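So for the sequence shown, my numbering puts the first residue at 1; every next one is plus one. Ideal Cβ placement from N, Cα and C applies to all residues, glycine included. Source: prediction; values computed, not measured.
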Amino acid sequence: MKKYRVGILGATGTVGQRFVQLLENHPQFEVTALAASDRSAGKPFSQACAWKLAGAMPDYVKEIVVQPIEPPLDCELVFSSLPSGVARETEEAFARAGYAVISNSSSYRMDEDVPLLIPEINSQHLGLIEIQQRKRGFGKGFIITNPNCAVVSFAPPLAALDRKFGVESVFVTTLQAISGAGYPGVSSFDITDNVLPYIAGEEPKVEIESQKILGRFNGETIDKANFTVSAQCFRVHVIDGHTASVRVKLRRTSTLENVFEAMKSFPSLNLYSSPKHFIDVCDEPSRPQPRLDRDTGKGMTITVGRLFPDNIFDYRFVSLSHNTVRGAAGAAVLNAELLIDKGFLK
Ligand code: NAP
Numbered sequence: 001m002k003k004y005r006v007g008i009l010g011a012t013g014t015v016g017q018r019f020v021q022l023l024e025n026h027p028q029f030e031v032t033a034l035a036a037s038d039r040s041a042g043k044p045f046s047q048a049c050a051w052k053l054a055g056a057m058p059d060y061v062k063e064i065v066v067q068p069i070e071p072p073l074d075c076e077l078v079f080s081s082l083p084s085g086v087a088r089e090t091e092e093a094f095a096r097a098g099y100a101v102i103s104n105s106s107s108y109r110m111d112e113d114v115p116l117l118i119p120e121i122n123s124q125h126l127g128l129i130e131i132q133q134r135k136r137g138f139g140k141g142f143i144i145t146n147p148n149c150a151v152v153s154f155a156p157p158l159a160a161l162d163r164k165f166g167v168e169s170v171f172v173t174t175l176q177a178i179s180g181a182g183y184p185g186v187s188s189f190d191i192t193d194n195v196l197p198y199i200a201g202e203e204p205k206v207e208i209e210s211q212k213i214l215g216r217f218n219g220e221t222i223d224k225a226n227f228t229v230s231a232q233c234f235r236v237h238v239i240d241g242h243t244a245s246v247r248v249k250l251r252r253t254s255t256l257e258n259v260f261e262a263m264k265s266f267p268s269l270n271l272y273s274s275p276k277h278f279i280d281v282c283d284e285p286s287r288p289q290p291r292l293d294r295d296t297g298k299g300m301t302i303t304v305g306r307l308f309p310d311n312i313f314d315y316r317f318v319s320l321s322h323n324t325v326r327g328a329a330g331a332a333v334l335n336a337e338l339l340i341d342k343g344f345l346k
């Protein structure tokens, strides 16, 4: 099997470290370039990176010298986990230089010609790539994105419901982990013994991204799904794992059993990083919980629980995903596997 040579932009950060971890021994990818800020460039990764994940830093990456975030890099595609402030210009430069750019950042997610992908839900949105290349004059380079880490925690069950019954409106409260803010992120003085009711810029992202994800590619652009989302986003004292408390109004009435079945039976894919179950619906009254459920399916499964009829909306449920795996690096790696599967990487 061909191994694609990949670079990681923002390799020393919270999401960058997850890339390093997930790409160790990956059968389709080999990490050949790492890039980060001027603070890190020129140093071996082992010196540049303050490793914060459980387990040791993988040996394969220790001696790779970190480079500045500019092309050329010795690779065929780049995973980007740069802060949004620098991502837009940098990702465009790589796409223009002919690289496939697989981005975690919010910079291009809502651009009309950029796919915002959850492969199990909307792989047909890859049709935007050709339009993007033509419109922007990218040549063989292009940009694809994965959603905001909080959106990933509830968009999959929403997609399951939208396909079967139609979704009319959604009220969602997110309880987001500390690692979602990057490192060092929120100060311990602020988050210990506390819940923070404000995450800068988060609520608008959570309110608009799912309509694009669940939208239909019409051959030119995405017809966004026709429902409204109202969101409140909180930072909570959890290291990894974003929880979403969701209430949903459906267009067509359904029984609880059919809602349960629609979520549970939503198919996974057959890609290397695909979990056995895309959505796991649990019966236990006290689940999902971040500490107990975030690693389900190696962090790639969405866990749903507390599914009940609601007194105001039709149904309510709680869903959970691992924010730096399914919500970031794992999502981007799955997107890259999808690109190979669909023939977008030669
Ligand atoms: P982070 O821990 O702060 O890491 C940021 C990375 O970008 C580091 O490698 C840093 O390099 C590099 N960087 C920072 N400023 C730079 C600059 N001016 N020029 C070049 N490189 C620079 O952040 P993160 O949590 O990994 O997030 C990265 C991106 O992923 C953000 O866009 C974020 O919104 C998105 N995202 C994060 C999560 C999550 O759960 N954390 C989930 C989904 C999406 P140095 O080490 O050299 O400073």
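Item to check | Beta-carbon spacing of residue 271, residue 234 below 7 Å | outcome: Residue numbering aside, residue 271 sits at position 271 when the sequence shown is read from its first letter. Residue numbering aside, residue 234 sits at position 234 when the sequence shown is read from its first letter. No.
Item to check | Delimiting residues of the alpha helix (DSSP H) encompassing residue 48 | outcome: Walking along the sequence shown from the start, residue 48 turns up at place 48. Looking at the DSSP string, the run of the alpha helix (DSSP H) that includes residue 48 is 45-48.
Item to check | Short Cβ contact (7 Å threshold) for residue 6 with residue 29 | outcome: In the sequence shown, counting from the first residue as 1, residue 6 sits at position 6. In the sequence shown, counting from the first residue as 1, residue 29 sits at position 29. The answer is yes: Cβ separation under 7 Å.
Checklist entry - Would you say the beta carbon of residue 149 comes nearer than 6 Å to a heavy atom of the ligand MN? => result Absence of the ligand MN is noted for the structure shown, with the ligand NAP being the only ligands found.
Checklist entry - What is the rounded straight-line gap between the Cα of residue 112 and the Cα of residue 222? => result Here the question's residue 112 lines up with position 112 in the sequence shown. Here the question's residue 222 lines up with position 222 in the sequence shown. So the alpha carbons of these two residues sit roughly 7 Å apart.
Item to check | Proximity of residue 143 and residue 91 at Cβ, strictly below 7 Å | outcome: Here residue 143 corresponds to residue number 143 of the sequence shown, with the count starting at 1. Here residue 91 corresponds to residue number 91 of the sequence shown, with the count starting at 1. In contact: residue 143 and residue 91 (Cβ atoms closer than 7 Å).
Next on the checklist: For a test of your reading of the model: does the CB of residue 183 fall under 6 Å from any non-hydrogen atom of the ligand NAP? Yes or no.
Outcome noted: One-based indexing of the sequence shown puts residue 183 at position 183. Relative to the ligand NAP, the beta carbon of residue 183 is positioned inside 6 Å of a heavy atom.
Checklist entry - Around the C-beta of residue 240, are 16 or more other C-beta atoms found within 10 angstroms, so that it is buried, or is it exposed? => result Within the sequence shown, numbered from 1, the residue matching residue 240 stands at position 240. So residue 240 ends up on the buried side.
Item to check | Paired residues, beta bridge with residue 249 - DSSP | outcome: Here residue 249 refers to the residue found at position 249 of the sequence shown. According to DSSP, which records beta bridges pairwise, residue 249 is partnered with 169.
Checklist entry - So, are the CB atoms of residue 157 and residue 279 less than 7 Å apart? => result Walking along the sequence shown from the start, residue 157 turns up at place 157. Walking along the sequence shown from the start, residue 279 turns up at place 279. Yes, Cβ-Cβ distance for residue 157 and residue 279 is below 7 Å.
Next on the checklist: Helix, strand or coil, according to DSSP, for residue 35 in the structure here?
Outcome noted: Indexing the sequence shown from 1 puts residue 35 at position 35. In the structure shown, residue 35 falls within a strand segment according to DSSP collapsed to helix, strand and coil.
Checklist entry - What is the DSSP secondary structure of residue 308, counted as helix, strand or coil? => result What you label residue 308 is simply residue 308 of the sequence shown in a count that begins at 1. In this structure, residue 308 counts as strand in the three-state DSSP scheme.
Next on the checklist: Helix, strand or coil for residue 355? Go by DSSP, reduced to three states.
Outcome noted: In this structure the chain extends from 1 to 346, so residue 355 is not present and cannot be described.
Item to check | Option in 225, 254 and 202 with minimal Cα separation from residue 310 | outcome: Along the sequence shown, read from residue 1 onward, the residue named residue 310 stands at position 310. For residue 310, the nearest C-alpha among the options comes from 254.
Checklist entry - Is there at least one non-hydrogen atom of the ligand NAP closer than 6 Å to the beta-carbon of residue 83? => result Within the sequence shown, the letter at position 83 stands for residue 83. Correct: residue 83 has its Cβ closer than 6 Å to the ligand NAP.
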